[in-house]
Every structure is written in C-alpha cells, then in structure tokens.
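**Q** First, the structure itself, so that you have it in front of you.
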Amino acid sequence: MEAAERISVTFATNDNKVVQADKGANLLRVSIREKGGVPFKCGGGLCGTCRCHIDVGIEHADKVKPKELKHLTQEDLDAGYRMACQTFVSGDVTISWVKK
Ligand code: FES
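This is how it looks when you write it as structure tokens:
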C-alpha cells in the first residue's frame, strides 16, 4: 500500500510548533493528537470554541460546512477564519487562534 501523502501543520500560537499529518486530515484531530493547542470543547461543530485563523494555506482548506456558518460570518470566512473541528486540509497550513 502506498503511504498517505503527508502535509505539515504549523501552530503559530503554540510557538510555531510544526507537525506532520496525512493529507486530508481534520485540523482539530491533528491538534489533539500532536498537542497543537487549538482550544475546543465539543469537537462537533456546536460550541464555536475551535475558531482559528488560517494564516497561510487557506487554499488547502476544504469547503465551509453549514455548522461553521453558525459561528462565522461571511466576513470572518473572507478573513480566513474557520472552525478547526470542521476543517480538513489537503496541504501545508499555518494556523493561529486567540488563547483562552
Ligand atoms: S470544538 Fe466545538 S465547534 Fe469545534
């Protein structure tokens, strides 16, 4: 079996910690597994806690989910904000968030 393509995720708010993940990985799951530090509560698109900013690589994020629209305005989305638990990435990204 071919190894899954790997990408890197940089957690800017966590001293620019860089970790590797499979292409198509869920941002929050990567953060939890690698101790990236993105805040979260529900993990299911309900609480809004995992709001983060894609500093670099927004083009690698998949399409915005309906659940995200409950927490993010169009302006937020245009500015590069996403809900980590609802976002899957297909290439390198750098993300930041407001420390809670
Ligand atoms: S962790 Fe609750 S919305 Fe993402």
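Yeah, the sequence shown ends on 103 if you go by my numbering, and it's all consecutive.
No residue lacks a Cβ here, since even glycine has one placed at the ideal position from N, Cα and C.
For D58 and chain C, any beta-carbon pair shorter than 8 angstroms?
**A** Although the question refers to chain C, the structure presented lacks it and comprises just one protein chain.
**Q** Distance check for G46 and I10, CA to CA, integer angstroms please.
**A** In the sequence shown, the residue the question calls residue 10 occupies position 7. In the sequence shown, the residue the question calls residue 46 occupies position 43. Approximately 22 angstroms, taken between the alpha carbons.
**Q** Buried or exposed, going by whether 16 or more other CB atoms sit within 10 Å of the CB of V33?
**A** On the sequence shown, residue 33 is found 30 positions in, with the first residue counted as 1. V33 is buried by the Cβ-count criterion.
**Q** Closer than 7 angstroms to a non-hydrogen atom of the ligand FES - does that hold for the CB of C88?
**A** The residue you call residue 88 lines up with position 85 of the sequence shown. Flag set: Cβ of C88 near the ligand FES.
**Q** Counting only the same chain and skipping the five closest in sequence on each side, list residues whose C-beta sits under 7 angstroms from that of I57.
**A** One-based indexing of the sequence shown puts residue 57 at position 54. Correct list, in chain order: A64, G83, R85, V96, I98.
**Q** CB-CB under 6 angstroms to K68, same chain, minus the five flanking residues each way: which ones, in chain order?
**A** The sequence position of residue 68 within the sequence shown is 65, counting from 1. The residues are Q89.
**Q** What do you reckon, are the CB atoms on L72 and C53 nearer than 8 angstroms?
**A** Counting from one through the sequence shown, the residue named residue 72 turns up at place 69. Counting from one through the sequence shown, the residue named residue 53 turns up at place 50. Against a cut-off of 8 angstroms, the Cβ pair of C53 and L72 comes out as no contact.
**Q** Is it the case that the Cβ atoms of E8 and K26 are separated by a distance below 8 angstroms?
**A** Residue numbering aside, residue 8 sits at position 5 when the sequence shown is read from its first letter. Residue numbering aside, residue 26 sits at position 23 when the sequence shown is read from its first letter. Their beta carbons are under 8 angstroms apart, which means E8 touches K26 by this criterion.
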